[in-house]
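**Student:**
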DNA sequence: TTATTATTGTAACAGTTTATTACAATAATA
DNA sequence: TATTATTGTAATAAACTGTTACAATAATAA
C-alpha cells in the first residue's frame, strides 16, 4: 500500500522516493491447508494494510518490490509477479496516513506528499510459509499471517488488491509452474493437490491430478517415504 | 511513452500532471492481413514513439489511457487492456525529450520534470482499423500505422513494450474473446481465421477453427452472403 | 448452356487428452 | 493376522482436437 515509509523514511520529507507511486505486496503463504497473506497492523488498532513501500529515485521498480517483500519476510529469493496497477483517483484516503504521521511526530501540512494521491503497483509473492519470519516495520508494529477466509477490514482498496492478486494467481497456475513456490522443499502428491484445490477453490480428482503433475516432468521422487497413518505411505517429492 | 504533453501540456511546467508517471499505448489494428500499430513521428526525423501521455492530477489511470487512445484515433468506445508497468530506473533517456522541448521553445533546466525518470503503464488497445483517423498531437506531427514486421527504431524501450503487448494479446486470445475488436462489423470466417493466424503467427486448420469459434456461441450468422470470386460465397458473421 | 475451377460448409473418422472407475499394495491399528 | 484407510496406477469411458473427405456453389471459360 502507500503509507509505509521504511528505513530512511520520513527523513527529508521523503525526498529519496518517487512521489505519487507505491508498491503493494500480496504475500501468499500456505499453512494448515489454507492460503494466507501477510498483513500489517497499526498499534493494536483496527488499521490493517498490505505490506508496501515506495520506490527510491534510482531504483528499479522490480527491485523495490523485492526489497519490500524481503524486508517483511526475511527471504532472499522470492517469486514475485507484477499483476496490476491500481490508479483510481479516489483510491487514496489520506486519513489513516495522517493519523500515523501525527503519532510519529510528523506534523503534516495538507500538501505533504504522503497525503497526496498514490498510484500503486500490485505484486504478489509466493513464499514457503515455513521459511518466513514476519517482520513489522517502523510504522506498523504488527505483521502476521491471515487466512484468506478471515481477513480483517483493510485500508483503502487493499481488499480489492488481494482479490485481484488471487485471480491472477489462479490464471497463472496452469501456465506457469508457480505453485511449488508455496510448498516446503519436500511434499507429498496429496499436499500439492490440496494446495491446488485451495487456490482454485474446487475439488480435483486424484488420478487425473497425479497424472497431470507427473507428466510435467518437473518433480523428482525421493526414495524415502512418509510415516503416519494406518495406510500405505506416500512418496515424497521435490521440485527440480 | 513519456514525453508527449498533449492539450494543455507544456503550460505551467506541467503542474496539471502527475510527475514521474506516464502511459504508453500500443494501439493494434488489422489491415491487409497484417497486424499494425500506431506510431508517432517527430517532424520527419527518425524519432518514432508509441502514442502516450500523462495522468491529470485528479484523473483515473484508466480514464487517462482512454483519453490518450481516443485523442490519437478519434474513437469513443475502445477495448483497452492494461498489460504491464515498465519501471527500470534507466529506461528513460532524456535526450529526445530535450530536443523536442528546445524545438518547442521550452528551455528546460536539467531538473525539468519531463527530463526526469518515468515509470510507464502499458495499455494495449484493439481497434477497428477502418474506423480510425490517425491524429498527431502538438509535439509529434506524424501519426501512422506500421505493420509489426516493419517497425522503425523506436525511442527508449518502446520496442520492448510492443513485444510485451503482443505477448499479452496472444495470451488473452483464447481466454477473453478479444479478437473481434480488431474486425469490422461484418466479416467472414476466413477473415477471422487469418486474424488469428496473424496474431498467433501460425497456421490453423480450417475445420477445427470453424468448429471452435462457432462453439463459443458468440457469432451471429447474417443471412446475406458475400460476392467476389469463382467459388461458393461465404457467410458473413457479426459479433453479438 | 454446360464444364471447369476455387473455395466454402460440414460430415466422418482418427488420434489425443482428460475424466472416471477400479483395484492391488501397504502401513498402522485392533 | 484381520481390518482399515489411503496410496499408486491400470483400465476404461468420455470429451476434445486434428485430419481427411466431399458435396455445394459462385464465377469464369468452353
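Residue numbers (my numbering), protein chains in the order written: chain A, 59 to 298; chain B, 59 to 298.
We put the beta carbon where it would ideally sit given N, CA and C, even for glycine.
Are the Cβ atoms of residue 204/A and residue 140/A separated by less than 7 Å?
**Tutor:** Taking the first chain and counting its residues from 1, the one referred to as residue 204/A is at position 146. Taking the first chain and counting its residues from 1, the one referred to as residue 140/A is at position 82. Against a cut-off of 7 Å, the Cβ pair of residue 140/A and residue 204/A comes out as no contact.
**Student:** Quick check on DSSP: helix, strand or coil for residue 203/B?
**Tutor:** As a position in the second chain, residue 203/B is number 145, starting the count at 1. Reduced to three states, the DSSP call for residue 203/B is strand.
**Student:** What does the alpha-carbon distance come out to for the pair residue 130/A and residue 185/A?
**Tutor:** Locating residue 130/A in the first chain gives position 72, counting from the first residue. Locating residue 185/A in the first chain gives position 127, counting from the first residue. If you take the alpha carbons of residue 130/A and residue 185/A, they lie about 12 Å apart.
**Student:** On the DSSP bridge assignment, give the partners of residue 277/B in chain order.
**Tutor:** Within the second chain, numbered from 1, the residue matching residue 277/B stands at position 219. Paired residue(s): 297/B.
**Student:** Could you tell me the distance, in whole angstroms, from the CA atom of residue 224/B to the CA atom of residue 86/B?
**Tutor:** For the purposes of this step, residue 224/B is identified with residue 166 of the second chain, where counting begins at 1. For the purposes of this step, residue 86/B is identified with residue 28 of the second chain, where counting begins at 1. Their backbone Cα atoms lie some 9 Å apart in a straight line.
**Student:** Which chain B residues sit within Cβ distance under 8 Å of residue 140/A?
**Tutor:** For the purposes of this step, residue 140/A is taken as the residue at position 82 of the first chain. Within chain B, the residues near residue 140/A are 142 and 143.
**Student:** Give the single residue among 212/A, 289/A, 294/A and 95/A whose Cα lies nearest to the Cα of residue 104/A.
**Tutor:** Here the question's residue 104/A lines up with position 46 in the first chain. Out of 212/A, 289/A, 294/A and 95/A, 212/A has the C-alpha closest to the C-alpha of residue 104/A.
**Student:** In chain order, what residues of the same chain lie with their CB nearer than 6 Å to the CB of residue 61/B, ignoring the 5 residues before and after it?
**Tutor:** As a first step, residue 61/B must be located in the second chain, where it is residue number 3. Confidence at residue 61/B is low in this model, with a pLDDT of 46, below 50, so its placement is unreliable and the value that follows should be read with caution. So the list reads 155, once near-sequence residues are dropped.
**Student:** Starting from residue 232/B, trace the alpha helix (DSSP H) in both directions and tell me its first and last residue.
**Tutor:** Translated into the one-based positions of the second chain, residue 232/B becomes position 174. Counting along the chain, the alpha helix (DSSP H) containing residue 232/B begins and ends at 216-233.
**Student:** According to DSSP, is residue 78/A helix, strand or coil?
**Tutor:** Your numbering for residue 78/A matches position 20 in the first chain. If DSSP states are grouped into helix, strand and coil, residue 78/A belongs with coil.
**Student:** What residues match up with residue 3/B in a beta bridge as DSSP calls it?
**Tutor:** Beyond the ends of chain B as shown, which are 59 and 298, falls residue 3/B; an answer cannot be given.
**Student:** Find out if the Cβ-Cβ distance for the pair residue 253/A, residue 88/A is shorter than 7 Å.
**Tutor:** Here residue 253/A refers to the residue found at position 195 of the first chain. Here residue 88/A refers to the residue found at position 30 of the first chain. Yes, the Cβ-Cβ distance between residue 253/A and residue 88/A is below 7 Å.
**Student:** Taking just the CA atoms, how far does residue 226/A sit from residue 298/A?
**Tutor:** Position 240 of the first chain, counted from the start, is the residue given in the question as residue 298/A. Position 168 of the first chain, counted from the start, is the residue given in the question as residue 226/A. For residue 298/A and residue 226/A, the distance between alpha carbons rounds to 24 Å.
**Student:** Going by alpha carbons, who is nearest to residue 257/B out of 242/B, 229/B and 270/B?
**Tutor:** Start at 1 with the first residue of the second chain, and residue 257/B comes out as number 199. If we check each option's Cα against that of residue 257/B, 229/B comes out closest.
**Student:** Going straight from the alpha carbon of residue 81/B to that of residue 279/A, what length do you get?
**Tutor:** The residue you call residue 81/B lines up with position 23 of the second chain. The residue you call residue 279/A lines up with position 221 of the first chain. When rounded, the distance between both Cα atoms is 48 Å.
**Student:** Answer with buried or exposed for residue 97/A, where buried requires no fewer than 16 other C-beta atoms within 10 angstroms of its C-beta.
**Tutor:** Position 39 of the first chain holds residue 97/A. Burial call: buried.
**Student:** Residue 139/A bridges to which residues according to DSSP?
**Tutor:** Looking up residue 139/A in the first chain gives position 81. In the DSSP output, where bridge partners are listed per residue, residue 139/A has 182/A.
**Student:** Should residue 155/A be flagged as near chain B, meaning a C-beta pair shorter than 7 Å?
**Tutor:** The count along the first chain starts at 1 and reaches residue 155/A at position 97. Chain B contact via Cβ: absent.
**Student:** For a cutoff of 7 Å on Cβ pairs, would you count residue 119/B as touching chain A?
**Tutor:** Residue 119/B sits at position 61 when you count from the first residue of the second chain. It does: the Cβ of residue 119/B has a partner Cβ on chain A nearer than 7 Å.
**Student:** DSSP state of residue 59/B, grouped into three classes?
**Tutor:** Translated into positions along the second chain, residue 59/B becomes position 1. Note that residue 59/B scores 49 on pLDDT, short of 50, meaning its location in the model is unreliable; the coordinates nonetheless yield the value given after this. Reduced to three states, the DSSP call for residue 59/B is coil.
**Student:** Of all the options 263/B, 189/B and 152/B, which has the alpha carbon lying nearest to the alpha carbon of residue 172/B?
**Tutor:** Locating residue 172/B in the second chain gives position 114, counting from the first residue. The shortest Cα separation from residue 172/B among 263/B, 189/B and 152/B belongs to 152/B.
**Student:** In three-state DSSP terms, what is residue 170/A?
**Tutor:** Within the first chain, the letter at position 112 stands for residue 170/A. Coil.
**Student:** Among 192/A, 201/A, 150/A and 100/A, which has the Cα closest to the Cα of residue 162/A?
**Tutor:** Within the first chain, the letter at position 104 stands for residue 162/A. Out of 192/A, 201/A, 150/A and 100/A, 100/A has the C-alpha closest to the C-alpha of residue 162/A.
**Student:** If you draw a straight line from the alpha carbon of residue 117/A to that of residue 128/A, how long is it in whole angstroms?
**Tutor:** Sequence index remark: in the first chain, residue 117/A carries index 59 (1-based). Sequence index remark: in the first chain, residue 128/A carries index 70 (1-based). Roughly 15 Å between the two C-alpha positions.
**Student:** Give me the residue from 190/A, 124/A, 83/A and 246/A with the minimum Cα distance to residue 294/A.
**Tutor:** Here residue 294/A corresponds to residue number 236 of the first chain, with the count starting at 1. Answer by Cα proximity: 246/A.
**Student:** Give the C-beta separation of residue 115/A and residue 74/A to the nearest angstrom, bearing in mind that I take them to be a contact with Cβ-Cβ under 8 Å.
**Tutor:** Here the question's residue 115/A lines up with position 57 in the first chain. Here the question's residue 74/A lines up with position 16 in the first chain. Confirmed, Cβ separation roughly 6 Å.
**Student:** Among 277/A, 276/A, 102/A and 251/A, whose alpha-carbon lies nearest the alpha-carbon of residue 265/A?
**Tutor:** Counted from its first residue, the first chain places residue 265/A at position 207. For the residues 277/A, 276/A, 102/A and 251/A, the minimum Cα distance to residue 265/A belongs to 251/A.
**Student:** My output table needs one value for residue 97/B: the three-state DSSP class, helix, strand or coil.
**Tutor:** Walking along the second chain from the start, residue 97/B turns up at place 39. Correct three-state label for residue 97/B: strand.
**Student:** Taking 7 Å as the cut-off, decide whether the C-beta atoms of residue 216/B and residue 108/B are in contact.
**Tutor:** To locate residue 216/B, count along the second chain from 1; it is residue 158. To locate residue 108/B, count along the second chain from 1; it is residue 50. Taking 7 Å as the Cβ cut-off, residue 216/B and residue 108/B qualify as a contacting pair.
**Student:** Mind checking which residues open and close the alpha helix (DSSP H) that includes residue 124/B?
**Tutor:** Against the second chain, residue 124/B aligns to sequence position 66. Unbroken alpha helix (DSSP H) run through residue 124/B: 119-131.
**Student:** DSSP has residue 289/A in a bridge; who is on the other side?
**Tutor:** Here residue 289/A is taken as the residue at index 231 of the first chain, counted from 1. Paired residue(s): none; residue 289/A is not in a bridge.
**Student:** Which residue's Cα is closest to the Cα of residue 268/A: 281/A, 292/A, 283/A and 282/A?
**Tutor:** Here the question's residue 268/A lines up with position 210 in the first chain. Among 281/A, 292/A, 283/A and 282/A, the Cα nearest to that of residue 268/A belongs to 292/A.
**Student:** So for residue 282/A, helix, strand or coil by DSSP?
**Tutor:** In the first chain, the residue the question calls residue 282/A occupies position 224. Reduced to three states, the DSSP call for residue 282/A is strand.
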